[in-house]
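For the sequence shown, my numbering assigns the number 159 to the initial residue and increments by one for each residue that follows.
One structure below.
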Amino acid sequence: MIFKRILGVLFFVVCGVFTQSSLANIHAENEVFITKIDEGVWLHTSFYVYPNGTTFPSNGLIVREGQSLTLIDTAWGELQTQQLLSVIKTEINLPITKALVTHAHADRASGVDVLEARGIKVYSHPLTQQLTIEQGTAVPNNVIAELATAGAQVKFGSLNVFSPGPGHAMDNIMVWLPDKRILYAGCAVRALQSNSVGNIAHGDIHSWLKITQQLKNDYKILRRVVPGHGEIGGFDLLSHTEKLILNQLK
Ligand SMILES: [Zn+2]
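Next comes the structure, spelled out in structure tokens:
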């Protein structure tokens with residue numbers, strides 16, 4: 159019971175749910191959607207249900223690599239991740255060979271054991287592995303050691319995975335799809351519907367401002383930005399995030 163209660167608290171604190179009422183919606187429990195956003199690229203969206211019955215959406219990505227798929231972030235919860243695998247089977251019908259989780263919070267990593275039980279290798283920042291061990295939540299079994307250095311970028315199939323430095327979380331990493339010019343920014347970039355930076359208890363707001371300004375400088379050529387929650391957008395999501403951080407720092 160205590161473990162369940164701790165898990166419940168963790169679900170609450172991830173990604174600033176208390177201040178995100180504008181993103182809350184009513185959806186059926188365990189409902190998971192995938193939406194094609196480019197050739198060989200799909201957004202996955204799951205919904206975590208809170209005790210008051212409202213739900214909060216969470217994004218991840220699926221990328222086709224030849225005849226297999228790479229999954230970026232689990233769905234929010236084990237049941238939702240099982241549902242996600244079913245939806246991928248039905249709608250894409252290619253095997254997932256590897257996955258990446260972009261930080262240690264439940265909306266990114268709570269389905270890790272479901273993936274690993276299916277033989278999918280799950281990778282993360284080394285700190286993500288350490289934090290999940292400390293939290294007692296599902297632990298990614300593989301790390302990309304280079305990501306321990308802020309600013310590091312590594313190839314992950316056709317994807318570039320990079321560690322921008324501490325922001326929303328100390329271990330947040332991002333993915334750049336060079337051919338599509340899509341930036342998967344996860345929870346370190348806020349959707350236009352978000353009106354605050356959300357939970358920064360596990361991050362570094364000053365560093366977050368710096369990395370957001372660095373992203374604005376480095377990714378001027380981007381076509382799309384995928385935030386951890388809410389709607390996909392363009393470059394304006396980076397400016398919006400910068401504005402929210404500056405508001406928080408006032
Ligand atoms: Zn988070």
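C-beta atoms are modelled at their ideal positions from N, C-alpha and C, and glycine is treated no differently.
Exercise. Apply the 10 Å Cβ neighbour rule to Asn-251 and answer buried if 16 or more other Cβ atoms are within range, or exposed otherwise.
Key: Against the sequence shown, residue 251 aligns to sequence position 93. Counting Cβ neighbours within 10 Å, Asn-251 comes out exposed, since fewer than 16 surround it.
Quiz item: Are Ile-220 and Lys-256 touching if we call contact CB-CB under 8 Å?
Solution: What you label residue 220 is simply residue 62 of the sequence shown in a count that begins at 1. What you label residue 256 is simply residue 98 of the sequence shown in a count that begins at 1. No; because the gap between Cβ atoms is not below 8 Å, this pair is not in contact.
Self-check item: Which of helix, strand or coil DSSP assigns to Gly-257
Solution: The count along the sequence shown starts at 1 and reaches residue 257 at position 99. It should be pointed out that residue 257 corresponds to Ala in this sequence rather than to Gly. Correct three-state label for Ala-257: strand.
Quiz item: Taking buried to mean at least 16 other C-beta atoms within 10 Å of its own C-beta, is Tyr-206 buried or exposed?
Solution: The sequence position of residue 206 within the sequence shown is 48, counting from 1. With 16 or more other Cβ atoms within 10 Å, it is buried.
Self-check item: Backbone CA spacing between His-364 and Thr-248 [nearest angstrom]
Solution: Start at 1 with the first residue of the sequence shown, and residue 364 comes out as number 206. Start at 1 with the first residue of the sequence shown, and residue 248 comes out as number 90. His-364 and Thr-248: Cα-Cα distance of roughly 43 Å.
Exercise. Check whether the Cβ atoms of Ile-230 and Leu-258 lie closer than 8 Å to each other.
Key: Along the sequence shown, one-based indexing puts residue 230 at 72. Along the sequence shown, one-based indexing puts residue 258 at 100. Cβ distance < 8 Å, so Ile-230 and Leu-258 count as in contact.
Quiz item: Which residues bound the beta strand (DSSP E) around Leu-317?
Solution: Taking the first residue of the sequence shown as 1, we reach residue 317 at position 159. That run of the beta strand (DSSP E) goes 317-320.
Quiz item: With 16 other CB atoms within 10 Å as the buried threshold, where does Tyr-208 fall?
Solution: Translated into the one-based positions of the sequence shown, residue 208 becomes position 50. Counting Cβ neighbours within 10 Å, Tyr-208 comes out exposed, since fewer than 16 surround it.
Quiz item: Identify the residues that DSSP records as bridge partners of Ile-230: which are they?
Solution: Within the sequence shown, the letter at position 72 stands for residue 230. Paired residues: Leu-219, Leu-258.
Quiz item: Helix, strand or coil: how does DSSP classify Ile-192 here?
Solution: Numbered from its first residue, the sequence shown carries residue 192 at position 34. Correct three-state label for Ile-192: strand.
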